[in-house]
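One structure is given here, and the rest of the page talks about it.
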Amino acid sequence: MRLKGKTAIVTGASNGMGSSESKLFASEGANVVLADVDSEAGQQLVEEISEGGGNAHFEICDVSNEENWQSMTSNVLAKYGSVDILVNNAGISSTSTSDLLSTDAWNNIMEVNSTGVFLGTKTAAEIMKSQGGGSIVNISSIMGFVGGEYGHPAYHASKGSVRIFSKAMAVRYGPFGVRVNTVHPGFMPPMTSSDHGIASKRDEYVAQTPLRRTGESIEVAYGVLFLASDEASFVTGTELVIDGGYIAQ
Ligand SMILES: NC(=O)c1ccc[n+]([C@@H]2O[C@H](COP(=O)([O-])OP(=O)(O)OC[C@H]3O[C@@H](n4cnc5c(N)ncnc54)[C@H](O)[C@@H]3O)[C@@H](O)[C@H]2O)c1
Numbered sequence: 039m040r041l042k043g044k045t046a047i048v049t050g051a052s053n054g055m056g057s058s059e060s061k062l063f064a065s066e067g068a069n070v071v072l073a074d075v076d077s078e079a080g081q082q083l084v085e086e087i088s089e090g091g092g093n094a095h096f097e098i099c100d101v102s103n104e105e106n107w108q109s110m111t112s113n114v115l116a117k118y119g120s121v122d123i124l125v126n127n128a129g130i131s132s133t134s135t136s137d138l139l140s141t142d143a144w145n146n147i148m149e150v151n152s153t154g155v156f157l158g159t160k161t162a163a164e165i166m167k168s169q170g171g172g173s174i175v176n177i178s179s180i181m182g183f184v185g186g187e188y189g190h191p192a193y194h195a196s197k198g199s200v201r202i203f204s205k206a207m208a209v210r211y212g213p214f215g216v217r218v219n220t221v222h223p224g225f226m227p228p229m230t231s232s233d234h235g236i237a238s239k240r241d242e243y244v245a246q247t248p249l250r251r252t253g254e255s256i257e258v259a260y261g262v263l264f265l266a267s268d269e270a271s272f273v274t275g276t277e278l279v280i281d282g283g284y285i286a287q
């Protein structure tokens, strides 16, 4: 019950790592708000969490749309009375175009991964400031530290922006009790829109990873839980890399 009584919004909660974080948060006593554009999978997850005795609620929200953030957080405040935790997890790693340097692809990825985190962080930070505190965990990537031959250049740029923007917000909102940290996962299949499904790519990543395997979404969720909880009460502006040692070399 490490999050007992807290209200947590998780974006991109319907699938992948967001769903693991949401289930873990609910099992630790939080009221979890699943915010996503995929309402079908989100509603199914609400049912699953509720059947397991947890408290969850779905809100449709495109993280790149400021009005969506305003209406979603208003609904959450009306229902639960506070926003104690925000996990900005929603993200995309590619677009429909194969031209990695097309301006449309750049804008599309930056809108979701970078602008989405900006909008969520500023909206929640103001709410948390008025409440006297809160914790924001922004999901970046190891690709926010290093470049790569295969990845989308805009993906690296968007995740680098999440990393440094979070530090700036940690400094700005620290005096109001609002903590802002980043988590940097390594290779965690099966990110929907990426090359992770290609076996040769996966084998290559595994061979280059000191722990010689891919990660599990729950291994990221435990790191997010720590930063979200009061156990991390003196932790802000920091980066937690969960990658099997990939970027340690
Ligand atoms: N999977 C990996 O290997 C990996 C590694 C490092 C970082 N990450 C990051 O972790 C996060 C989650 O990745 P994942 O692998 O679980 O992805 P996923 O593709 O499995 O799930 C992403 C979720 O985000 C939602 N989403 C997409 N666009 C959205 C939008 N505009 N508004 C709201 N929701 C939206 C999708 O509907 C989906 O439910 C992402 O930010 C990703 O960049 C993933």
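Numbering (the numbering used here), first residue to last: 39 to 287.
Positions of the beta carbon are idealized from the N, C-alpha and C atoms, including for glycine.
If you draw a straight line from the Cα of A64 to the Cα of M110, it is about 19 Å long. For F96, the secondary structure class from DSSP, reduced to helix, strand or coil, is strand. The beta carbon of N145 sits closer than 7 Å to none of the beta carbons in its chain outside the five residues before and after it.
Sixteen is the threshold: when 16 or more other Cβ atoms of the shown chains lie within 10 Å of the Cβ of Y284, as they do, the residue is buried. Rounded to whole angstroms, the Cβ separation of G56 and V48 is 5 Å, and the two are in contact under 8 Å. Partner residues in the beta bridge of T45, as assigned by DSSP, are N69. In the structure shown, the three-state DSSP call for S178 is coil.
For P191, the uninterrupted alpha helix (DSSP H) run begins and ends at P191 to Y211, by DSSP.
Assigned with DSSP and collapsed to three states, N126 falls in strand. No heavy atom of ligand 1 is found nearer than 7 Å to the CB of F183. The way I'd put it, the segment 77-96 doesn't touch the segment 132-140; fewer than three beta-carbon pairs between them come closer than 8 Å.
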